[in-house]
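Peer 1:
Set out below in structure tokens:
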């Protein structure tokens with residue numbers, strides 16, 4: 379199969395084709411002889427999809443009932459756009475190619491407001507342009523799913539290299555406080571099931587959900603995926619289709635009703651007898667503006683407090699649905715590696731090599747980054763010692779953990795040259811920790 383792929387790639391250059399086939403064969407024989415492939419066992423009797431996380435996420439969105447996808451081409455998020463466009467007619471999905479990311483995110487918000495399950499995708503530079511509009515979705519409490527396939531930056535940076543450097547930006551989207559959910563799949567398999575979950579959370583809690591992929595798994599890393607189940611649960615939240623007793627003057631629908639969980643009932647445009655004002659100004663329960671005629675009045679000031687508090691309550695409510703990190707390895711260890719998103723996979727691959735060397739190590743793999751469950755704090759505090767592994771310069775996730783739990787992770791392996799983290803680097807970094815040496819970045823294999 380490898381020979382066929384190489385042959386197709388270099389079909390017009392037979393000499394180059396021959397050299398590459400020979401190199402691939404020699405590499406295979408070397409791996410087989412020296413044990414690299416001995417631990418890998420595959421069941422070839424079952425066909426499995428082979429894809430990167432961008433395609434897997436697109437498939438998951440289809441399973442979730444996505445009916446609108448918008449994007450402006452930007453590597454490494456473009457494969458989602460390509461796949462959606464190629465299959466749009468067959469699947470009944472409207473694909474919008476905007477002139478820039480500002481139009482992309484606003485079109486997505488409009489489609490969601492109208493009742494469609496809508497998603498848009500970009501990378502860090504494009505996400506920068508989307509931030510004001512994401513604040514609009516937060517204020518109008520419109521469900522929104524945005525995919526950021528991270529690459530090394532800032533600015534144009536390295537379009538075809540990987541990084542996990544956008545976490546701080548996503549945590550600080552737009553201005554002032556509002557709730558958001560951040561999820562970082564570890565693999566194509568995770569990406570497939572993240573999409574339906576993102577739509578469910580966005581609609582159930584009426585807030586922005588940001589999915590963080592990166593080049594390492596998004597556009598650059600292929601993997602087989604197992605047992606994709608397209609019969610995923612669909613939760614659309616508190617959608618109202620007919621007028622009830624909770625109306626004002628028999629006309630105005632209480633769209634932003636003050637509730638215990640922070641989530642108000644919503645309706646879709648065109649639903650008879652359910653009228654409300656949708657705008658980005660602060661508002662009362664029916665959507666009427668607080669910043670114009672009512673500005674400064676005691677009742678308006680108090681309503682601003684109540685509406686702001688109502689929206690922020692969603693963080694408490696949605697936190698109960700956030701998944702705890704998965705423990706990989708022994709329950710008790712001398713060192714626990716904390717990692718997230720795509721960095722979890724090289725850490726997981728490194729652990730058996732560390733166990734063979736006698737090191738008692740395990741890992742906590744995070745997918746749900748924000749908000750964190752309360753139990754995360756106790757999980758981290760129960761560890762004997764902690765080490766952070768991620769692909770950015772400033773240990774962004776370790777600092778988020780410090781902010782949210784008070785737990786300080788001082789031992790770190792950080793990589794920021796655009797290349798993915800490799801298992802051998804994790805092994806050498808852990809060895810340095812146990813030998814009380816300084817952890818060197820980019821450990822050489």
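In this note's numbering, the protein residues as written are 379 to 823.
Note that beta-carbon positions come from the ideal geometry of N, C-alpha and C, so glycine has one too.
Between which two residues does the beta strand (DSSP E) holding residue 462 run?
Peer 2: Residue 462 sits at position 84 when you count from the first residue of the chain shown. Residue 462 -> not in any beta strand (DSSP E); alpha helix (DSSP H) instead, spanning 456-469.
Peer 1: Should residue 504 go down as buried or exposed, given a rule of 16 or more other Cβ atoms within 10 Å for buried?
Peer 2: As a working note, residue 504 is residue 126 in the chain shown. Residue 504 should be labelled buried.
Peer 1: Once you ignore the five residues that flank residue 534 on each side, which residues in its own chain have a CB closer than 8 Å to its CB?
Peer 2: In the chain shown, the residue the question calls residue 534 occupies position 156. Same-chain partners within the cutoff: 503.
Peer 1: Could you pull out every residue in the same chain whose Cβ sits closer than 6 Å to the Cβ of residue 544, ignoring the five residues on either side in sequence?
Peer 2: Your numbering for residue 544 matches position 166 in the chain shown. Correct list, in chain order: 502, 526 and 528.
Peer 1: For the alpha helix (DSSP H) that residue 572 lies in, which residues bound it at each end?
Peer 2: The sequence position of residue 572 within the chain shown is 194, counting from 1. First-last of the alpha helix (DSSP H) with residue 572: 566-583.
Peer 1: From residue 747 to residue 793, what distance separates their C-alpha atoms?
Peer 2: Sequence index remark: in the chain shown, residue 747 carries index 369 (1-based). Sequence index remark: in the chain shown, residue 793 carries index 415 (1-based). Rounded to the nearest angstrom, the two C-alpha atoms are 19 Å apart.
Peer 1: Assuming residue 542 and residue 719 are in contact, meaning their beta carbons sit under 8 Å apart, how far apart are those beta carbons, in whole angstroms?
Peer 2: Within the chain shown, numbered from 1, the residue matching residue 542 stands at position 164. Within the chain shown, numbered from 1, the residue matching residue 719 stands at position 341. Sure, about 6 Å apart at Cβ, within 8 Å.
Peer 1: Quick check on residue 664: does DSSP put it in helix, strand or coil?
Peer 2: Counting from one through the chain shown, the residue named residue 664 turns up at place 286. Coil.
Peer 1: In its own chain, which residues sit with a C-beta less than 6 Å from the C-beta of residue 801, not counting the 5 before and 5 after it?
Peer 2: To locate residue 801, count along the chain shown from 1; it is residue 423. Closer than 6 Å at Cβ, skipping near neighbours: 724, 727 and 728.
Peer 1: With respect to the beta strand (DSSP E) encompassing residue 339, which residues constitute its N-terminal and C-terminal limits?
Peer 2: The structure shown has nothing for residue 339, since the chain only spans 379 to 823.
Peer 1: By a C-beta neighbour count over all protein chains shown, 10 Å radius and 16 as the cutoff for buried, is residue 517 buried or exposed?
Peer 2: Here residue 517 corresponds to residue number 139 of the chain shown, with the count starting at 1. Residue 517 is buried by the Cβ-count criterion.
Peer 1: Quick one: is residue 454 buried, meaning 16 or more other Cβ sit within 10 Å of its Cβ, or exposed?
Peer 2: As a first step, residue 454 is located in the chain shown; it is residue number 76 there, counting from the start. Answer is buried; the Cβ neighbour count reaches 16.
Peer 1: Suppose contacts are defined by Cβ-Cβ distances below 7 Å. Is residue 665 in contact with residue 430 by that definition?
Peer 2: By one-based count along the chain shown, residue 665 stands at place 287. By one-based count along the chain shown, residue 430 stands at place 52. No. Outside cutoff.
Peer 1: From residue 761 to residue 462, what does the alpha carbon distance come to, in whole angstroms?
Peer 2: What you label residue 761 is simply residue 383 of the chain shown in a count that begins at 1. What you label residue 462 is simply residue 84 of the chain shown in a count that begins at 1. Answer to the nearest angstrom: the Cα atoms are 43 Å apart.
Peer 1: Which residue's Cα is closest to the Cα of residue 549: 775, 467, 730 and 471?
Peer 2: Your numbering for residue 549 matches position 171 in the chain shown. Here the closest residue by C-alpha is 775.
Peer 1: Using C-beta distances below 6 Å, list every residue in its chain close to residue 381, excluding the 5 sequence neighbours before and after it, in chain order.
Peer 2: Indexing the chain shown from 1 puts residue 381 at position 3. Once the five neighbours on either side are set aside, the close Cβ partners of residue 381 are 399.
Peer 1: Anyone know if the C-beta pair for residue 507 and residue 480 falls short of 7 Å?
Peer 2: Within the chain shown, the letter at position 129 stands for residue 507. Within the chain shown, the letter at position 102 stands for residue 480. Yes.
Peer 1: Please report the distance separating the alpha-carbon of residue 713 from that of residue 592.
Peer 2: The residue labelled residue 713 in the question sits at position 335 within the chain shown. The residue labelled residue 592 in the question sits at position 214 within the chain shown. Each residue's alpha carbon lies about 27 Å from the other.
Peer 1: Residues in the same chain with beta-carbon distance under 7 Å from residue 681, minus the five sequence neighbours each way, listed in chain order, please.
Peer 2: The sequence position of residue 681 within the chain shown is 303, counting from 1. Only 662 and 668 meet the Cβ criterion.
Peer 1: Within a Cβ cutoff of 6 Å, which residues of the same chain sit near residue 646, ignoring the five residues on either side of it in sequence?
Peer 2: Here residue 646 refers to the residue found at position 268 when the chain shown is read from its first residue. Excluding residues within five positions, the ones whose Cβ falls inside 6 Å are 493.
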